[in-house]
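For the sequence shown, position 209 (counting from the first letter as 1) is numbered 209 according to full-length UniProt numbering, and the numbering increases by one without interruption. Think of the CB as a built atom: it goes at the ideal place given N, C-alpha and C, for glycine as much as any other residue. Written below as structure tokens is the structure these notes are about.
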Amino acid sequence: MVKTKEFKFNEARAKGTDRSSKPTVMKKFPLKHHTANSTNTTAYIQILGVGMDTHDTMPSILLFFDRQRFIFNAGEGLQRFCAEHKIKLSKIDHICLSRVCSETVGGLPGLLLTLAGMGDGVPVNIWGPSNLNILVDAMKCFIPHHSMVHTNLVSHTGPLQIDSSAAVASKFKDVKISAILLQPNGVKASDVKPSDVSVIYVCELHEIKGKFYKEKADALGITVKTKYKELTQGKSVKSDLLDITVHPNDVMGAPVPGPIVIIVDCPTSSHALELISAQSLNDYYSDSSNQSQSGNIVNCVIHLGPASVVNSSHYKKWMKKFSSAQHVMAGYVMNEVQNPILKSSARITARLNYLCPHLFPLMSSSIQQPISTASDFNFLSEDPTSKLSDGIFAENLLKFILRPHAHLGLDRSNVPSPQAASAVIDELLLESPDIADAAQHVSQLWQKPAERKECAISKVTTDKPILDENSVPSCLENIRRDELEVTFLGTGSSQPSKYRNVTAIYFNLFSNGSLLLDCGEGTLAQLKRRYGMEGAESAVRNLACIWISHIHADHHVGLVRILTLRRDLLKGVSHDPLIVLGPSQLKRFLDAYQRLEDLDMQFLDNKATTLFSWETFELDNESNKNNELVLERDEDVKNGNLTSK
């Protein structure tokens with residue numbers, strides 16, 4: 001018989017006086033600060049958020065180091081894309097903007113709020129043209145003070161310099177980044193709008209020191225090991241055994257030049273003319289004497305300009321000056337609708353569409369409009385594995401490896417594979433074979449009673465109809481399909497995620513126009529996914545009103561992108577400004593933002609839409625009409641058209 005252990009009452013534990021019951025003391029960890037690693041083993045530049053399914057905003061570029069991150073541009077949808085592909089935003093140290101406009105900063109407010117919510121003590125720096133201050137001042141209307149960051153204005157061409165007076169933990173130890181300002185050629189300085197200024201960023205990694213050869217140092221009489229370190233640091237030392245001075249190049253191999261990446265945002269042909277004549281780029285051209293002396297070679301050039309600019313003969317000629325560089329065209333993309341940005345969301349949509357296509361339509365086929373292809377450019381190659389002198393179209397998560405130097409070049413290992421809706425359905429049927437019967441049953445529910453065939457599907461019946469025809473409200477009895485459609489573009493989540501976008505509800509009244517209830521970040525992209533390119537533009541063009549419920553960022557950050565697109569679509573066409581209803585704080589933001597670019601809208605405070613305010617408005621309106629009639633009568637009397645009594 002096995003002897004069981006005897007249990008006794010532990011009086012000390014019950015009283016809380018024994019050692020094992022002492023409360024655990026929470027360790028206090030210091031705030032995390034990112035510091036640069038002087039010996040980075042990994043460095044690359046990566047394409048984030050190329051608009052392959054929406055062609056909506058400018059993509060972001062990630063410059064990655066072991067312990068430091070740079071993001072170039074933050075268009076709408078950046079957070080959602082990063083969540084989809086598990087890219088950690090908490091590691092970002094610097095955000096560099098090539099321009100300050102809705103295409104490049106649409107995702108910035110949400111990104112700042114997210115970074116502030118992480119609370120890891122890392123100060124984020126934002127770099128951009130001098131009009132960046134206008135945007136920051138505007139965002140103060142709805143972003144808490146603790147969420148704001150250090151802003152650094154690029155007011156002149158040259159290396160980026162962190163303000164020494166700012167409490168900044170991160171410093172540029174991994175890379176030297178220089179900015180080159182571009183303004184439209186031939187435009188007077190007084191006529192240049194704040195949003196017209198563009199910035200080119202030149203990223204130069206530091207050279208890799210040559211290998212230290214100990215046998216050479218020993219042969220030259222170096223016996224004190226501390227002198228090894230001095231030699232590797234570039235200092236000359238005295239020999240311990242010989243009467244000579246030993247220089248670093250006597251005991252070390254040749255250094256490896258640091259890779260160079262140039263990010264070019266050239267939005268118009270006028271900017272292109274200025275770019276071609278920019279003297280600051282002369283040292284980086286392949287035929288430059290300075291380049292041959294320094295040994296620095298431009299390895300990669302990322303182009304963010306539109307096809308209309310990049311396809312010009314002048315721009316092509318300028319590109320050829322970087323004969324050794326890999327050109328990546330990120331401003332426009334090939335027609336790859338099967339590569340959606342948000343693969344998880346597209347996968348669920350395809351499954352739901354199979355079950356109920358009436359409620360869950362697939363991406364509209366009209367989005368597949370012709371896009372510039374590689375055959376239109378004689379310097380581009382459709383082969384992603386082509387030589388460095390070729391140009392390729394950007395793909396999501398495409399990398400250009402900068403370090404280790406042995407792997408310098410393109411890396412497509414993380415590029416998502418094509419995803420067709422048919423493949424998703426095949427997978428669904430394999431997992432749940434009964435789903436085919438369910439889909440057939442759902443399709444019959446949409447048929448009219450007179451047309452509905454007797455359900456022949458086994459085990460798929462309902463005791464009573466989903467909708468009782470007698471319970472339909474009287475106001476909807478004779479409603480037609482082409483009178484009203486409600487589309488939920490976002491499901492109310494406070495932050496965008498893999499599967500959900502933030503709040504926006506689209507009311508389509510067809511011939512009577514349309515309106516939006518709230519307009520969170522990514523609303524325009526959701527419209528394009530639902531209606532296609534042309535359908536979304538038509539929806540924006542026909543908007544009669546946008547109503548914003550309150551000032552939280554997830555309800556209105558997508559508003560500026562919608563307004564600027566509508567402005568561009570209706571340019572040259574007679575139209576009225578779009579009415580925007582919202583809280584008073586939103587008006588302050590929109591008024592401040594309009595210093596950057598015109599939004600072509602008319603604001604109405606939500607308080608003015610209450611019953612009391614409306615009655616007051618009607619009384620004032622009636623009073624104004626009476627006053628106008630009196631003035632007209634007095635004018636007629638004055639002119640002798642009427643006789644005064």
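Reference ALA307; option with closest CA among LYS320, ALA272 and SER277: The residue given as residue 307 occupies position 307 in the sequence shown. That would be ALA272, whose Cα lies nearest to the Cα of ALA307.
N- and C-terminal bounds of the beta strand (DSSP E) containing ARG593: Your numbering for residue 593 matches position 593 in the sequence shown. According to the sequence provided, residue 593 is Tyr. The question's Arg does not apply to it. Looking at the DSSP string, TYR593 is not in any beta strand (DSSP E); the run it does join, the alpha helix (DSSP H), is 584–593.
Taking the CB atoms as reference points, tell me whether VAL175 and GLN183 lie closer together than 8 angstroms. Indexing the sequence shown from 1 puts residue 175 at position 175. Indexing the sequence shown from 1 puts residue 183 at position 183. Taking 8 angstroms as the Cβ cut-off, VAL175 and GLN183 do not qualify as a contacting pair.
With distances taken between CB atoms, is the gap from ILE579 to LEU524 smaller than 8 angstroms? Reading the sequence shown from its first residue, position 579 is the one you call residue 579. Reading the sequence shown from its first residue, position 524 is the one you call residue 524. Contact flag unset, no.
Round the Cβ separation of GLY234 and HIS327 to the nearest angstrom and send it over; I've been treating them as touching at under 8 angstroms. Walking along the sequence shown from the start, residue 234 turns up at place 234. Walking along the sequence shown from the start, residue 327 turns up at place 327. That pair is no contact at about 35 angstroms.
Complete runs of the alpha helix (DSSP H) confined to the region 172–197 [at least 4 residues]: none
I need the straight-line Cα distance from SER155 to SER130, nearest angstrom please. For the purposes of this step, residue 155 is taken as residue 155 along the sequence shown, with counting starting at 1. For the purposes of this step, residue 130 is taken as residue 130 along the sequence shown, with counting starting at 1. Roughly 6 angstroms separates the two Cα atoms.
CB-CB length for ASN606 against LEU581, believed under 8 angstroms: One-based indexing of the sequence shown puts residue 606 at position 606. One-based indexing of the sequence shown puts residue 581 at position 581. About 6 angstroms separates the two Cβ atoms, so the contact holds.
Given LYS528 as reference, the closest of LYS216, LEU565 and ASP411 once Cα atoms are compared: For the purposes of this step, residue 528 is taken as the residue at position 528 of the sequence shown. It is LEU565 whose Cα lies nearest to the Cα of LYS528.
Of the residues LYS343, ARG69, GLN440 and PRO194, which one's Cα is nearest the Cα of ASN396? Start at 1 with the first residue of the sequence shown, and residue 396 comes out as number 396. Cα-wise, what sits closest to ASN396 is LYS343.
Where does the unbroken alpha helix (DSSP H) through ALA544 begin, and where does it stop? Against the sequence shown, residue 544 aligns to sequence position 544. Unbroken run through ALA544 is the beta strand (DSSP E), 543–547; no alpha helix (DSSP H).
Rounded to whole angstroms, what is the Cα-Cα separation between LYS387 and SER280? For this step, residue 387 is matched to residue 387 along the sequence shown. For this step, residue 280 is matched to residue 280 along the sequence shown. For LYS387, the predicted model reports a pLDDT of 41, less than 50, meaning its position is unreliable; a value from the coordinates is still stated below. If I take the Cα positions, the gap works out to 27 angstroms.
Euclidean distance between Cα positions of LEU153 and THR610: What you label residue 153 is simply residue 153 of the sequence shown in a count that begins at 1. What you label residue 610 is simply residue 610 of the sequence shown in a count that begins at 1. C-alpha separation (whole angstroms): 43 angstroms.
Could you give the C-beta distance for residue 646 and CYS356, rounded to a whole number, given that I count them as a contact under 8 angstroms? Look at the range of the chain in this structure, 1 to 645, and you will see that residue 646 is not part of it.
Quick check: the Cα distance between TYR284 and LEU408, rounded to an integer number of angstroms? In the sequence shown, residue 284 corresponds to position 284, counting from 1. In the sequence shown, residue 408 corresponds to position 408, counting from 1. Approximately 18 angstroms, taken between the alpha carbons.
Could you work out which residue in ILE87, VAL424, TYR354 and CYS519 is closest to ASP437 when comparing CA atoms only? Position 437 of the sequence shown, counted from the first residue, corresponds to residue 437. ASP437 has its Cα closest to that of TYR354, out of ILE87, VAL424, TYR354 and CYS519.
May I have the straight-line CA-CA distance separating PHE377 from LEU352, to the nearest angstrom? Along the sequence shown, one-based indexing puts residue 377 at 377. Along the sequence shown, one-based indexing puts residue 352 at 352. Per-residue confidence for PHE377 stands at a pLDDT of 48, beneath the threshold of 50, marking its modelled position as unreliable; the derived number appears in the next sentence. Computed Cα separation, rounded: 40 angstroms.
Among the residues of its own chain, which have a CB less than 6 angstroms from the CB of PRO577, if the five just before and after it don't count? For the purposes of this step, residue 577 is taken as the residue at position 577 of the sequence shown. For PRO577, where only same-chain residues beyond five positions count, the Cβ hits under 6 angstroms are ASP600, MET601 and GLN602.
Residues of its chain near MET252, where Cβ-Cβ distance is below 6 angstroms and the 5 sequence neighbours each way are ignored: Here residue 252 refers to the residue found at position 252 when the sequence shown is read from its first residue. Excluding residues within five positions, the ones whose Cβ falls inside 6 angstroms are GLY210 and PHE212.
Give the DSSP-derived three-state secondary structure of TYR506 in the structure shown. The residue you call residue 506 lines up with position 506 of the sequence shown. In this structure, TYR506 counts as strand in the three-state DSSP scheme.
Say whether the region 241–252 touches the region 79–93, bearing in mind that this needs 3 or more beta-carbon pairs closer than 8 angstroms, one atom from each stretch. no
Cα separation between GLN68 and ILE61? Locating residue 68 in the sequence shown gives position 68, where the first residue counts as 1. Locating residue 61 in the sequence shown gives position 61, where the first residue counts as 1. Cα-Cα distance, rounded: 14 angstroms.
Would you tell me roughly how many angstroms separate the C-alpha atoms of HIS94 and GLY75, rounded to the nearest one? As a first step, residue 94 must be located in the sequence shown, where it is residue number 94. As a first step, residue 75 must be located in the sequence shown, where it is residue number 75. Using only the alpha carbons, I get a separation of about 15 angstroms.
With H, G and I counted as helix, E and B as strand and the rest as coil, what does DSSP make of GLU204? Along the sequence shown, read from residue 1 onward, the residue named residue 204 stands at position 204. Residue state, collapsed to three classes: strand.
Start and end of the alpha helix (DSSP H) containing TYR44? Walking along the sequence shown from the start, residue 44 turns up at place 44. Element bounds for TYR44: not the alpha helix (DSSP H) but the beta strand (DSSP E), 43–48.
Can you tell me which of the three DSSP states CYS96 falls into? Walking along the sequence shown from the start, residue 96 turns up at place 96. Here CYS96 sits in strand by DSSP.
Shortest alpha-carbon distance to PHE142 belongs to which of SER198, GLN585, LEU604 and GLN594? Start at 1 with the first residue of the sequence shown, and residue 142 comes out as number 142. Checked all of SER198, GLN585, LEU604 and GLN594; the closest Cα to PHE142 is GLN585.
Going by other Cβ atoms of all chains shown within 10 Å of its Cβ, with 16 needed for buried, is GLN526 buried or exposed? Walking along the sequence shown from the start, residue 526 turns up at place 526. The residue is buried, with at least 16 neighbouring Cβ atoms inside 10 Å.
Exposed or buried, PHE81, counting other C-beta atoms within 10 Å across all chains shown (16 or more means buried)? As a first step, residue 81 must be located in the sequence shown, where it is residue number 81. The residue in question, PHE81, is buried, as its Cβ has 16 or more Cβ neighbours within 10 Å.
Within this structure, are the beta carbons of CYS101 and LEU596 separated by less than 8 angstroms? Position 101 of the sequence shown, counted from the first residue, corresponds to residue 101. Position 596 of the sequence shown, counted from the first residue, corresponds to residue 596. Cβ atoms of CYS101 and LEU596: closer than 8 angstroms.
What did DSSP end up calling TRP318 once you bin it into helix, strand or coil? Along the sequence shown, one-based indexing puts residue 318 at 318. Helix at TRP318.
Is DSSP giving LYS399 helix, strand or coil here? Here residue 399 corresponds to residue number 399 of the sequence shown, with the count starting at 1. In the structure shown, LYS399 sits in a strand (DSSP, three-state: E or B).
Residues in the same chain with beta-carbon distance under 6 angstroms from VAL424, minus the five sequence neighbours each way, listed in chain order, please. The residue given as residue 424 occupies position 424 in the sequence shown. Excluding sequence neighbours, VAL424 sits near ARG347 and ALA350.
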